[in-house]
Every structure is written in C-alpha cells, then in structure tokens.
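Novice:
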Amino acid sequence: MVFFPAVLAFAALATATPFRDENFKTSRSTSIPFFGNKSGNFMRNSSESAEFSIQATGGVVTGGAAVSSINNNDGIGAGSDRYVMYRGDGSLEAGWPTKDQWVSFEQMFNNNKVIMSQSCGWNGWGADDSGPEIGAIYNAIQQIALETKVDHRFVLAVIIQESGGCVRVPTTDNGVRNPGLMQSHNGDGTCHSDRTGTIKNPCPDKDITLMVRDGTAGTASGDGLAQTINQATAQFGVTRSRAFYIAARLYNSGSVDPSNDLGKGIATHCYSSDIANRLTGWVLANHGCPLDG
Numbered sequence: 423m424v425f426f427p428a429v430l431a432f433a434a435l436a437t438a439t440p441f442r443d444e445n446f447k448t449s450r451s452t453s454i455p456f457f458g459n460k461s462g463n464f465m466r467n468s469s470e471s472a473e474f475s476i477q478a479t480g481g482v483v484t485g486g487a488a489v490s491s492i493n494n495n496d497g498i499g500a501g502s503d504r505y506v507m508y509r510g511d512g513s514l515e516a517g518w519p520t521k522d523q524w525v526s527f528e529q530m531f532n533n534n535k536v537i538m539s540q541s542c543g544w545n546g547w548g549a550d551d552s553g554p555e556i557g558a559i560y561n562a563i564q565q566i567a568l569e570t571k572v573d574h575r576f577v578l579a580v581i582i583q584e585s586g587g588c589v590r591v592p593t594t595d596n597g598v599r600n601p602g603l604m605q606s607h608n609g610d611g612t613c614h615s616d617r618t619g620t621i622k623n624p625c626p627d628k629d630i631t632l633m634v635r636d637g638t639a640g641t642a643s644g645d646g647l648a649q650t651i652n653q654a655t656a657q658f659g660v661t662r663s664r665a666f667y668i669a670a671r672l673y674n675s676g677s678v679d680p681s682n683d684l685g686k687g688i689a690t691h692c693y694s695s696d697i698a699n700r701l702t703g704w705v706l707a708n709h710g711c712p713l714d715g
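Using this note's numbering, the first residue of the sequence shown is number 423, and each one after it goes up by one.
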C-alpha cells in the first residue's frame, strides 16, 4: 500500500490539502475483491428532485447531515476488514453501524489503494490507475466534499462501490446512462467514453474532478449524493448514519421500498449494506451479502 504523508485535520478549510504521491508504491492483491456496481443506478431525474434540492446539479447538503470541514482523522482508525450482513431500515435498532463506528478518511483511502491500483486491470478496462491518478481522486474527493458538504468518506465509499476507483471505468446503461468513477446520472465526466470510444491514459485531473462532482453534486439529468442525503433527511427525518445508508439506496435505485427495508426494491439489493461495510473498514474480505445472488 501507498502511505502518503499525513494530512493534518483542520477545523475549517478554504481548500483541501492536496495528496502527495512521492515514493508511490503499490502492494498487489492475490485475489480480486468485490467492488463495482454492474447493474447500474436508477437515481431520480432532475424533474423529480425539486422538492429536495434547488437544482440537480450543484447540490449541497443542508441540515444536520452536512459536513462543513475536512478532518482526515475523523473516525476510529482503520476499522476491520470484514463483511457484516446488514438488513432492515439502516437504523441503530436494526443493527446498522453508527457514524462513531466509521473509519477515518485517511485510513480508508490508504486501505483502498490496493483496489484503486488494480481495479482497471481486473476488469479489462484499460491501464491500471497510476500514482498521480490516485492522487487526483484524493484531491477531487476533498475539493468536492467541501463544495457539497458531503462527508468525504461517503464519497470514497461510493467510488469504490461503483468502479473500484478505476479512472477508466466504462459507462453502464441499463435504462439510465451511468458514466465515470461514481457511475453518475448521465454525467459528462469520463475517461472511457461510450460516445467516442476514447480511453484516456493518463486520465486528466479535470476529468477526474468532474467525475466526482457529477456523482456528488448531481448532473443536469439527475441526483448526486448531496440530493439523496437531503431527500433522506426530508423524507425520513434522519441526519446521522441512517441518512447515509438511505441516501446510498436512493443513489442506486431512486427510491426506498415501501417496507423501508434497504435490501428490497430494484437495482442492487446489497448496495446499502456494502456501503455500511466500506465505511467501517471492509476492503478485501469476502463479500457476505446473498441478496443479489
């Protein structure tokens, strides 16, 4: 694994401290871990979002779920690389982890570099991410987290879930076009164009930032994480960890099943459980969710 120089925790930042990739080295995994969302996302389109956000693009989290500063040591450390099957509505009462059990962003990012550095090759999507490209993912997450007030750990968890952090991930389209690192709703950010067939190597920093912005702040076509967090807060009256697990389900499927069970409905049934596990330290352990077969 790469271990980059520690970035100090700040009470408030105007800009995020950039990633430094000196002496970049990569460990190799002997087996392919579970990542990626092959069935696509079905987040709501912009015409359905007006109740919960000013506009689809440029979304900002409001209320108690907003995170207004960057703190890279904001969790319990590295957590545990294991998978726990979570069922139900995402609440503490249903056994889901609280934010106090989430890992720190610094440890989470370092631990997932083993996936980011090999995910393209594992899937035949082109050249694996370079050190500078992984650094650009880090910088983009920090920048967009500040702009949108979305917890940077949640952004990273969704990136790993959707693409394994492969900057050359292809676009999926199962009724909704999902390009880029976060498989956004018909976004513009990609380094593997489904429109021209172009695969960019290296992937420019500006394209990586756009991919993260599309998935977090939303696009002209539909919701990003900021809007789904706002919807979770407005619809379910929650602001802490449960808001993020509901937001993950909304990002993936566009709705929550009437039973409020986050493992039911359309799209990827394991999605919210996967996100909860990534936030608590899961990286390479076997995927323990049976809901998608």
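All C-beta atoms in this analysis are idealised placements derived from N, C-alpha and C, irrespective of residue type, glycine included.
With distances taken Cα to Cα, identify the nearest neighbour of N652 among H614, V572 and N682.
Specialist: When each option's Cα is compared against that of N652, the closest is V572.
Novice: Our contact map puts G685 next to R509 with C-beta atoms below 8 Å; I'd like the distance itself, whole angstroms only.
Specialist: Confirmed, Cβ separation roughly 6 Å.
Novice: What's the C-alpha gap between N493 and G710?
Specialist: Taking the straight line joining both Cα atoms gives about 30 Å.
Novice: Starting from the N-terminal side, write out each stretch of the alpha helix (DSSP H) that is 4 residues or longer and does not extend beyond the segment 598-661.
Specialist: Entirely contained in the segment 598-661, the alpha helix (DSSP H) runs reaching 4 residues are, in chain order, 627-639 and 647-658.
Novice: What residue does the alpha helix (DSSP H) around W544 start on, and which one ends it?
Specialist: Unbroken alpha helix (DSSP H) run through W544: S541 to N545.
Novice: Does the beta-carbon distance from V678 to R671 come in below 7 Å?
Specialist: Yes, the Cβ-Cβ distance between V678 and R671 is below 7 Å.
Novice: Grab the span of the alpha helix (DSSP H) containing A698 for me, first residue to last.
Specialist: First-last of the alpha helix (DSSP H) with A698: Y693 to L701.
Novice: Thinking P519 and T702 are a contact (beta carbons under 8 Å), I'd like their distance in whole angstroms, please.
Specialist: Indeed, because the Cβ distance is near 5 Å, the residues count as touching under 8 Å.
Novice: On the CB-based measure, 16 or more other CB atoms within 10 Å of its CB, does G715 come out buried or exposed?
Specialist: G715 should be labelled exposed.
Novice: I'd like the list of long-range same chain contacts for D616, defined as Cβ closer than 6 Å, with 5 residues on each side in sequence excluded.
Specialist: Here the set comprises T593.
Novice: Give the straight-line distance between the Cα atoms of P712 and D683, rounded to the nearest whole angstrom.
Specialist: Near 15 Å, if we compare the C-alpha coordinates of D683 and P712.
Novice: Measuring straight from C-alpha to C-alpha, what distance separates S552 and R575?
Specialist: Each residue's Cα considered, the two are about 21 Å apart.
Novice: According to the neighbour-count rule (16 or more other Cβ atoms, all chains shown, within 10 Å of its Cβ), is T641 buried or exposed?
Specialist: Burial call: buried.
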